[in-house]
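Visitor: Just dropping this structure here.
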Amino acid sequence: MKRMFTDCRLVSMHTSIEHTGGFQVVENAMIAVENGVISTVGTNLPTDGFECLSMAHRLVTPGFIDSHTHLVFAGDRATEFEQRLNGASYQDIAKQGGGILSTVAATRKASMEHLIELAVPRAQSLVSDGVTTIEVKSGYGLTVADELKMLRAANAISQHVDVNITTTLLGAHALPPEYQHNAEAYIDLVCNEMIPAAAEENLADAVDVFCETMAFTPAQMARVFDTALKHGLRIKGHTEQLSNQGGSALAASMGAVSVDHIEYLDDIGVKTLAEHGTVATLLPGAFYFLRETQMPPIDLLRANHVPMAVATDFNPGTSPFARLTLMMNMASTLFGLTTKETLYGVTRHAAQAVGMLTKGQIAAGFDADFAVWDVQTPAALSYQIGLSPLHARYLKGVKAND
Ligand code: DI6
Ligand code: FE
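The sequence shown lines up with residues 833 to 1234 when you count with our numbering.
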């Protein structure tokens, strides 16, 4: 298949166009696509042998990538929202057996088919906002069988919604009730059974750990990551969300593609990310919903040229928001990111955060995943919320069904 996308107002996010940083609009751009991969980008390309598709001078960006979601789960936590508004903290609720563990109880009871049914509308909400790739984590099963059930459900989403899915095993999300006071034995289960089973069946691309006082220690995280790396899986962490445990620096030094949340990341942590090329993923939805006041160290990240991604962290407890453009808006209003930074955050930096290096930019050699928009400027993409200006999405050069 040879297709030429013509009359694009192109926002490539590709830095080789030095003076624009890939962010300024290139008028009348053309994108040549062969077998789903971009072969050339320019303004006056020969069209012989190509099927031409006019984008009618609409804005064309790389398809957005939501690089951190917990899209698969059963139940909801609206009552906990109410409890928190009445003064309980997220940690208090978790200590009383609520929080993550209440979603674990509901998810264990659900069949894989039911989990898929619940996840599909969430994925549809994301794609209506220009998303072409979603990272989906497990982490609400916490037994070998239930974690695998979640991963199978996550992988099945793309049979119902036109979207690329990448999956992450988050077996070390919380200590399940059966292992209370026996964290090391649970980490043994994650390392000796869960990771090998997920790797064997090719169900996960990466492994994640929640490193926090209410979850797992940096040493436990390191054990899980060691095992993941031995099985050829990428590693990434939920780190420095509620306190500074040094998890981000440890994860980065082990080769993590991203560390996520990072409100409590310190100077040494930032420098370690810079040294190892680890992406700092900002999750403003969780910051907002938990009414967190500790800001992620944005200026330090900028000063050290750490790539920043922006994601929804869609989950029932701390970020029940299936809108990536809302997160871009919050990353700007709450954290002070520029519109250029937020767009990088959901395209090329997000691609790096999930280790999908052929996505997130419009340039030769990259996958032809595009979002086409009825807006004039890139800033408009994170400006209005709820009125999605998406015109169409293309996956590997083929129009997606929305
Ligand atoms: N941090 C979060 O914000 C989510 N997981 C995590 O490690 C919350 C998940 C939940 O509360 O259900
Ligand atoms: Fe998360």
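Cβ coordinates follow ideal geometry from the N, Cα and C atoms, glycine included.
Mind checking whether T827 and T964 have CB atoms under 8 Å apart?
Guide: It is not possible to answer for residue 827, since the shown part of the chain is limited to 833 through 1234.
Visitor: Measure the Cβ-Cβ separation of H1046 and A926 and say whether it is below 8 Å.
Guide: Checking the sequence, you will find Met at residue 1046 rather than His. Contact: yes.
Visitor: If you draw a straight line from the C-alpha of D1234 to the C-alpha of G854, how long is it?
Guide: Roughly 27 Å between the two C-alpha positions.
Visitor: Hey, could you find the ends of the alpha helix (DSSP H) G1078 is sitting in?
Guide: No alpha helix (DSSP H) holds G1078; DSSP gives it neither H nor E.
Visitor: Please report the residue range of the alpha helix (DSSP H) in which K1062 lies.
Guide: Counting along the chain, the alpha helix (DSSP H) containing K1062 begins and ends at 1050-1062.
Visitor: Do you know how far the Cα of S844 is from the Cα of I1194?
Guide: About 5 Å.
Visitor: For H851, is the classification buried or exposed, using 16 other Cβ atoms within 10 angstroms of its Cβ as the cut-off for buried?
Guide: Any reading at H851 must be qualified, since the residue scores a pLDDT of 48, below 50, and its modelled position is unreliable; the value itself is stated next. With fewer than 16 Cβ atoms within 10 Å of its Cβ, H851 is classed as exposed.
Visitor: Could you check what DSSP says for I1217 in three-state terms: helix, strand or coil?
Guide: Note: I1217 maps to coil in three-state DSSP.
Visitor: Going by beta-carbon coordinates alone, are S970 and L983 separated by less than 8 Å?
Guide: Yes, these two residues count as a Cβ contact at 8 Å.
Visitor: Expressed to the nearest angstrom, what Euclidean distance is found between the alpha-carbon atoms of M836 and D1206?
Guide: Straight-line Cα distance between these residues: approximately 20 Å.
Visitor: How would you label R1066, buried or exposed, when you count the other beta carbons within 10 angstroms and need 16 or more for buried?
Guide: Result: buried.
Visitor: Please state whether DSSP places E850 in a helix, a strand or coil.
Guide: Interpretation of E850 is limited by its pLDDT of 44, a score under 50 that renders its predicted location unreliable; no figure is taken from the coordinates.
Visitor: What residues does ligand 2 have around it, judged by CB closer than 6 Å to any heavy atom, in chain order?
Guide: Per the Cβ criterion, the list is H900, H902, H1070, D1145, N1147.
Visitor: Going by beta carbon distance, what residues of the same chain come within less than 6 Å of L842, once the five residues before and after it are set aside?
Guide: Around L842: V858, A861, V892.
Visitor: Using the Cα positions of L1105 and L947, report the straight-line distance between them to the nearest angstrom.
Guide: The alpha-carbon atoms of L1105 and L947 are separated by roughly 35 Å.
Visitor: Rounded to whole angstroms, what's the CA-CA distance from L1227 to V1138? Just pull it up for me.
Guide: One C-alpha to the other measures close to 29 Å.
Visitor: Distance check for E883 and H1108, CA to CA, integer angstroms please.
Guide: Distance between the alpha carbons of H1108 and E883 is about 43 Å.
Visitor: In whole angstroms, what separates the C-alpha of T1125 from that of F1119?
Guide: The straight-line gap from Cα to Cα measures roughly 8 Å.
Visitor: Give the DSSP bridge partners of F1202, in chain order.
Guide: Note: F1202 sits in a beta bridge opposite P894, Y1226.
Visitor: According to the neighbour-count rule (16 or more other Cβ atoms, all chains shown, within 10 Å of its Cβ), is I1100 buried or exposed?
Guide: Under this definition I1100 is an exposed residue.
Visitor: Measuring only from the beta carbon, is I818 closer than 7 Å to any heavy atom that is part of ligand 1?
Guide: The question about residue 818 has no answer here: the residues shown for the chain are numbered 833 through 1234.
Visitor: When you compare only the Cα positions, how much space is there between P1009 and F905?
Guide: Looking at the two C-alpha atoms, the distance is approximately 18 Å.
Visitor: Span of the beta strand (DSSP E) holding H900?
Guide: No beta strand (DSSP E) contains H900, which DSSP labels as neither H nor E.
Visitor: So is the beta-carbon of G1149 under 7 Å away from any non-hydrogen atom of ligand 1?
Guide: Checking the Cβ of G1149 against ligand 1 gives yes.
Visitor: Closer than 7 Å: is that where the CB of L906 sits relative to any heavy atom of ligand 1?
Guide: Reading the sequence as shown, one finds Ala at residue 906 and not Leu. No.
Visitor: Cutting at 7 Å between CB atoms, please list the residues of its own chain near M1026, excluding the five before and the five after it.
Guide: Same-chain partners within the cutoff: V976, E979, L1001, G1003.
Visitor: According to DSSP, simplified to helix, strand and coil, what is R835?
Guide: Note: R835 maps to strand in three-state DSSP.
Visitor: Buried or exposed: Q1184, going by 16 or more other Cβ atoms within 10 Å of its Cβ?
Guide: Label assigned to Q1184: buried.
Visitor: With a threshold of 7 Å, establish whether the CB of F1119 neighbours any heavy atom of ligand 1.
Guide: Result no, Cβ not under 7 Å from ligand 1.
Visitor: Can you confirm whether the region 1169-1178 touches the region 1210-1217 when touching is taken to mean that 3 or more C-beta pairs between the two stretches lie within less than 8 Å?
Guide: Taking 8 Å as the limit for Cβ pairs, the verdict is that the region 1169-1178 does touch the region 1210-1217.
Visitor: Looking at M1053 and A1083, is the spacing between their C-beta atoms short of 8 Å?
Guide: Closer than 8 Å, so yes.
Visitor: Which value, in whole angstroms, describes the spacing of the CA atoms of A988 and M944?
Guide: Rounded to the nearest angstrom, the two C-alpha atoms are 10 Å apart.
Visitor: Where does A1154 fall in DSSP's three states?
Guide: Note: A1154 maps to coil in three-state DSSP.
Visitor: Express the C-alpha separation of V1204 and V1230 in angstroms, rounding to a whole number.
Guide: About 13 Å.
Visitor: Relative to the alpha-carbon of S1075, which residue among L1061, K834, H1093 has its alpha-carbon at the smallest distance?
Guide: Nearest of L1061, K834, H1093 to S1075, Cα basis: H1093.
Visitor: How is the beta strand (DSSP E) around S1239 delimited, first residue to last?
Guide: Absent from the model: residue 1239. The displayed extent of the chain is 833 to 1234, so no value can be given.
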